[in-house]
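Q:
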Amino acid sequence: MMTTLLSWLILFLPLGTTVTIWVEGSILLKFHLHLKNVSSMSTSFADQGT
């Protein structure tokens, strides 16, 4: 019983880390794009102000 559990764990561990990295990467990418949009919006507002 324990050996099958261990083999399943060894099989799913790389998959889990890959999914985690992918999810964190997409969240970071969305956050980065959001920051870029906010900064471009603030600069356009500053251009309109002058």
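With this note's numbering applied, the sequence shown closes on residue 50, and no number is skipped along the way.
Where a beta carbon is used, it is the ideal one built from N, C-alpha and C, also for glycine.
1. Who are the Cβ neighbours of T17 in its own chain at under 7 Å, not counting the five residues just before and after it?
2. If you draw a straight line from the C-alpha of K36 to the C-alpha of I27, how long is it?
3. Note down the Cα distance separating I21 from L15, rounded to an integer number of angstroms.
A: Quick answer:
1. none
2. 14 Å
3. 10 Å
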